[in-house]
Structures are given as C-alpha cells and as structure tokens.
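Engineer: Before we start, here is the structure in question, set down as structure tokens.
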Amino acid sequence: MDFQIYGALGILFFIFYLIPPASINATEIPQQHTKSGSTQINSNSVLVALLDSHYTELSELVEKALLLQTLEEAVSRHNITIFAPSNEALERHLDPEFKRFLLEPGNLKSLQNLLLFHIIPSRVGSKEWPEEDLASVAYETLCVEEAENHLPLTRENSGEKIVVGLAKVIRPDDVIRPDGVIHGIERLLVPRLVQEEFNRRRSLSSISAVLPEGAPVVDPRTNRLKKPATPAPAGAPPALPVYDAMAPGPSLAPAPAPGPGGPRHHFDGENQVKDFIQTLLHYGGYNELADILVNLTSLATEMGKLVSEGYVLTVLAPNDEAMAKLTTDQLSDPGAPEQIIYYHLIPEYQTEESMYNSVRRFGKVQYDTLRLPHKVVAEEGDGSVKFGQGEETAYLFDPDIYTDGRISVQGIDGVLFPFEQTVEKPASKVAPAPPTKKIAAEQKRGKLLEVSCRIAGAFGQDFQFKSCNLDL
Numbered sequence: 000m001d002f003q004i005y006g007a008l009g010i011l012f013f014i015f016y017l018i019p020p021a022s023i024n025a026t027e028i029p030q031q032h033t034k035s036g037s038t039q040i041n042s043n044s045v046l047v048a049l050l051d052s053h054y055t056e057l058s059e060l061v062e063k064a065l066l067l068q069t070l071e072e073a074v075s076r077h078n079i080t081i082f083a084p085s086n087e088a089l090e091r092h093l094d095p096e097f098k099r100f101l102l103e104p105g106n107l108k109s110l111q112n113l114l115l116f117h118i119i120p121s122r123v124g125s126k127e128w129p130e131e132d133l134a135s136v137a138y139e140t141l142c143v144e145e146a147e148n149h150l151p152l153t154r155e156n157s158g159e160k161i162v163v164g165l166a167k168v169i170r171p172d173d174v175i176r177p178d179g180v181i182h183g184i185e186r187l188l189v190p191r192l193v194q195e196e197f198n199r200r201r202s203l204s205s206i207s208a209v210l211p212e213g214a215p216v217v218d219p220r221t222n223r224l225k226k227p228a229t230p231a232p233a234g235a236p237p238a239l240p241v242y243d244a245m246a247p248g249p250s251l252a253p254a255p256a257p258g259p260g261g262p263r264h265h266f267d268g269e270n271q272v273k274d275f276i277q278t279l280l281h282y283g284g285y286n287e288l289a290d291i292l293v294n295l296t297s298l299a300t301e302m303g304k305l306v307s308e309g310y311v312l313t314v315l316a317p318n319d320e321a322m323a324k325l326t327t328d329q330l331s332d333p334g335a336p337e338q339i340i341y342y343h344l345i346p347e348y349q350t351e352e353s354m355y356n357s358v359r360r361f362g363k364v365q366y367d368t369l370r371l372p373h374k375v376v377a378e379e380g381d382g383s384v385k386f387g388q389g390e391e392t393a394y395l396f397d398p399d400i401y402t403d404g405r406i407s408v409q410g411i412d413g414v415l416f417p418f419e420q421t422v423e424k425p426a427s428k429v430a431p432a433p434p435t436k437k438i439a440a441e442q443k444r445g446k447l448l449e450v451s452c453r454i455a456g457a458f459g460q461d462f463q464f465k466s467c468n469l470d471l
C-alpha cells in the first residue's frame, strides 16, 4: 500500500519534471502582461491634482497634447516635479502666433516636447532647492528629444527661486502629493528644438503658397503710374488697361490688379475667396458675414467665379455688431441676405488710401455695386470714409483687412441699404397741388337773364335787377 502511494507521487514528480512550467502557466502569462501594461493612478496623484488645480490653461494643453497616458506611466515609476506656468502667462503674455502654431494638428509633437520640458522625473521641493552660495543644479526633463535636456535651478540673493535663469517661481510647493509636486512659475519654458521648428514654419522660405502679386502703384490724382514701369519684353501685356490709361474717371479703380497675362496665366478665384474668408475669421469680429457667405448663400462660389474670370472686387464688410442689428423683417424675404451682400460688393479694386484720396478730392464719390442699379455713396467724415446717405451710414472701421491685388476687404461699422429703402416714401408719387385761394362762388346767369339785362340796359334800368350789376 505504501509502495503504491510513493509510486503515484513519483509519477506526478516525473510529469512535472518533464513538462516545462511555461506550458502550465501559459494561460496566466497574458493576464499578468495586460495587468502590468495598464497603470493604475490613485485619486491622490499629482496628475489628478493638476487637472483639478487653477492651472486650467496648462491642463487643457496637456489634454490636447494626448500626454495623460505618458505622464501616468512616468508617475507609476517615480515621483515627478511639474513647473506649471500661470494662466496669465499662457493667455496674455504668450505670442498669439506661437500659440496658434502649438495648437495646429500638424505640430502635435512640438506641443508634446514643450510640455514634457516642464516636467522632471524626480521630486524637487523647496527644501531640495540649491542655496544662494551654490552653483545651479541641472535636472533632466522628460523631453528626451531636446539636445539641452536639463533645467538649471538657481536661487538669487533675495531668496527667489529661478528656473533656467528666466522664470521665477511664484508659487513654490503649490501642490504637494505623495507622487509629485507642482511649482507655479511666471512664464512658459520653450526648448530649443520647438523654437527652431517655429522659426522654420514662420520663415518665408518654407512657405509653399504663392505670394500675391501687388497692383501697380497709381497716383490717385492723375490715375497714372507714379514711377515708370520696368522694361517689359516684346509682346508683353500693358501694365494698365488702355481705358484707364487714356481717360480715367474718379470712380475707376486707382490700383487695378494685373491682367490675365501674369506668370501663371490664370486666376484661382476659389482659393483667393477662401483666403480672404479665412482672414476674416482670424481677424475676429466678422464671423456673421463669413457665415452668410459660406453657409447661408452661395455667394462665396459666385465671387470665386468672378475672380477666376479676371474681375476684381472690393468687399465692404459689416462687423458682427452691425450684423446683429438686422431685424427679422430685413432677413425674412426670399433672397434678402444675397441682396444685402450684393450691395456691399464693389466691382472695383479699392484700398483705404485710394477711397480716402477720392473723397478728399471729389467730395462725394459713387461706386457701382453688384446690386444693380444701386450705387453706394462715399464721402469724407471725421477723418475717415463714410458710406451711405441719410441715417443709414457706416464708417470705414477696419481698413485693408485683406488686399491681394484682386480682392480688397474693408471693415465697416454698419449695414448699408439703398437710399430709397431708408427714406419714407409718400403715399402717392403725384406732386401735391399748389394751395388755391378761396373764392366765393359766383352766381351763374342763364342766357334768358343775360338777354333781359341787355334790353334793360338799353333803356337805362339796370338798377332794377341786382344780378345785372354782377360782372360778366
């Protein structure tokens, strides 16, 4: 009996000895691997504290940069120290162009490197800061792609803590958690590789778009070129149309765009219209007009076709405050938005300088509009150009928002309407009759009475008949 028990134990020992342990635990290994791949963050973590802190601008950038998982893995391995710029530093003191560069989808890597440059994979509190008499102590950051991947920490004689010799620590030990600490700093820290990438994007040599061709410089008084044109090869088109060169008028464009004989021999009107609408959105305050051009009407497509065919346009763009004053009655009629915008489109190329010079010289200038046959009147007012007549007027508020030689956008502070619509018309167009004097009704005499008066007059007896004494 004992022999059978020991024999069975020997068989089991032999099976475990021959079969490798990897084959027995094959079902457990994937579970352990998946468990180690996902990091569990405690609610008392410094990352949770950052998202719930008053550093809201930095928290939004961390979320947009998709860095939460990377930071969770860093926190799971060691403590971290975050140098958090204040909201004021990211809202007011940050260059808008640089901020726009960071938020572009194609620059996600630059945004990640910028944020990782503010994080040290070790705990550095106020007590661990170097003293005044010591040299700076440099700590490596999580931005591994940066060549100068370190943040030198120093202390001034006044006791202020400095990061990279530029940013002062305004809130030391602002947030303290078991796995990290957050210090508030006064400005953003920009690594060298992000700054170089931004400079490359901003450099004109790296821009692939074709630069717009400027219009010839024309004297607004004589409507002729100020300087003689450069020598042109034989057969080249004229710099100005013949009509403008021979008999220019005050309402003609003083700076016409180049003709279709340019180096590319065509105009891409759709892209030019997209560019000026995009410029309106970036400029700010003209979202309502852009919405009407793109979403409510097909005017953007029509304008693109006109520019592609060689026409030039000047857009008098009402700002959002002016568009908000439009009533429901003014927009409810079929085609009302199109008619309003048509009245703000001038089939000429005008700039702020050319229009102001025209009104200074000629007093009032009438410009044709695409809402035929109505014209918009311009005159000088308060050192600027005033459009419209009567009570419905608008001033040139934002000059030369967009000028590319084909399309000119001039911001105004009101919505213009034809003069006939703003004036109350009389009930009838017939001129009122001149006032008449009140005259007493005359007594009309018949033929018989007239004959009787003549017979009586012959005998000298007119006095007997009162009616005979009335003048005929």
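FYI, numbering that gives the first Met the number 0 numbers position 356 of the sequence shown as 355, with every residue one higher than the one before it.
Glycine included, each C-beta is placed from N, C-alpha and C at the ideal position.
Could you tell me if the beta carbon of V364 falls within a distance shorter than 7 Å of some heavy atom in the ligand GDP?
Structural biologist: For the structure depicted, the ligand GDP is absent and the ligand set is empty, with no information on it obtainable.
Engineer: What does a CB cutoff of less than 6 Å around G303 pick up in its chain, not counting 5 residues either side in sequence?
Structural biologist: G268, E269 and V272
Engineer: Measuring only the C-alpha atoms, how far is E59 from L93?
Structural biologist: 15 Å
Engineer: Measure how close the beta-carbons of T350 and S407 come, nearest whole angstrom, since I'm counting them as under 8 Å.
Structural biologist: Between the beta-carbon of T350 and that of S407 there is about 6 Å, and that keeps the pair under the 8 Å contact cut.
Engineer: Give every residue of the same chain whose Cβ lies closer than 7 Å to the Cβ of N286, excluding the five residues on either side of it in the sequence, and list them in chain order.
Structural biologist: L280 and D319
Engineer: How many Å lie between Y355 and H343 at the Cα?
Structural biologist: 17 Å
Engineer: Look at S85 and V174 and say whether their C-beta atoms are less than 8 Å apart.
Structural biologist: no
Engineer: Assuming G164 is part of the alpha helix (DSSP H), what are its boundary residues?
Structural biologist: That residue, G164, is in no alpha helix (DSSP H); it is neither H nor E in DSSP.
Engineer: Buried or exposed for V385, please, with buried defined as at least 16 other CB atoms from any protein chain shown within 10 angstroms of its CB.
Structural biologist: As written in the sequence, residue 385 is Lys, which differs from the Val given in the question. K385 comes out buried.
Engineer: Tell me whether A472 sits in a helix, a strand or coil according to DSSP, three-state version.
Structural biologist: Residue 472 lies beyond the range of the chain shown here (0 to 471); nothing can be said about it.
Engineer: Run through DSSP, which three-state label would H474 get?
Structural biologist: Lying outside 0 to 471, the shown extent of the chain, residue 474 is not represented and no answer is given.
Engineer: My guess is that L192 and N112 are in contact by the Cβ rule of under 8 Å, so how many angstroms apart are they, rounded?
Structural biologist: The pair is a contact, with the Cβ atoms about 6 Å apart (cut-off 8 Å).
Engineer: Let's test the definition: count the other Cβ atoms within 10 Å of the Cβ of Y5 and tell me whether it reaches 16, buried, or not, exposed.
Structural biologist: Here Y5 scores only 49 on pLDDT, less than 50, and its place in the model should not be relied on; the value that follows carries that caveat. Exposed: under 16 other Cβ atoms inside 10 Å.
Engineer: Spatial neighbours of H77 within its chain, please: CB distance less than 7 Å, with the 5 preceding and 5 following residues excluded, ordered by chain position.
Structural biologist: P120 and S121
Engineer: Taking only the alpha-carbon atoms, compute the straight-line gap between I181 and Y282 and give it to the nearest angstrom.
Structural biologist: 36 Å
Engineer: Taking all protein chains shown into account, decide if N148 is buried (16 or more other Cβ within 10 angstroms of its Cβ) or exposed.
Structural biologist: By the Cβ neighbour-count rule, N148 is buried, with 16 or more other Cβ atoms within 10 Å of its own.
Engineer: Report the three-state DSSP secondary structure of V47 (helix, strand or coil).
Structural biologist: helix
Engineer: Leaving out five residues before and five after A73 in sequence, what residues of the same chain have Cβ atoms less than 8 Å from its Cβ?
Structural biologist: I79, I118, P120 and L141
Engineer: Jot down the residue ranges of each uninterrupted alpha helix (DSSP H) in the region 67-107, minimum 4 residues, whole runs only, in chain order.
Structural biologist: Counting only runs of 4 or more, we get 67-76, 86-90 and 95-102.
Engineer: Considering only the beta carbon of each residue, do K167 and E196 sit closer than 8 Å?
Structural biologist: Contact annotation: K167 and E196 have beta-carbon atoms that are not nearer than 8 Å.
Engineer: Would you report the Cα separation of L475 and S109, rounded to the nearest angstrom?
Structural biologist: Only positions 0 to 471 of the chain appear in this structure, which leaves residue 475 out of reach.
Engineer: Given a cut-off of 8 Å, decide if V45 and R176 are closer than it, judged by their beta-carbon atoms.
Structural biologist: yes
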